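Below: one structure, written as structure tokens.
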Amino acid sequence: MPHSNANRESSPYSEFQAELAEIHRHKWLVSEKEGQDIGFERALTEWVGKHRQGWRRGRSQNPVGK
Numbered sequence: 005m006p007h008s009n010a011n012r013e014s015s016p017y018s019e020f021q022a023e024l025a026e027i028h029r030h031k032w033l034v035s036e037k038e039g040q041d042i043g044f045e046r047a048l049t050e051w052v053g054k055h056r057q058g059w060r061r062g063r064s065q066n067p068v069g070k
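Under the working numbering, think of the first position of the sequence shown as 5, with each following residue one higher.
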């Protein structure tokens, strides 16, 4: 059964996709700054340790589509 777009906006899967996009963004930014690919594992570890809590707090205060 297909899901409506409204349901997807707040689904755990859409939150996962948004978080994954932020990790890839972090990977790109740091890789550009360092002049070499830092790899997904490092990007994930750094992003979770340094940015995830604030990112989630911001998402809960300003939900997408509202």
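Where is the CB? At the ideal position from N, CA and C, for every residue including glycine. Computed from a predicted structure; not experimentally measured.
Here DSSP, grouped into helix, strand and coil, assigns histidine 55 to coil. The Cβ atoms of tryptophan 51 and histidine 30 lie closer than 7 angstroms to each other. Annotated three-state conformation of glutamine 65 is helix, per DSSP. Taking glycine 62 as reference, the option from Gln40, Ala22 and Leu48 with the minimal CA-CA separation is Ala22.
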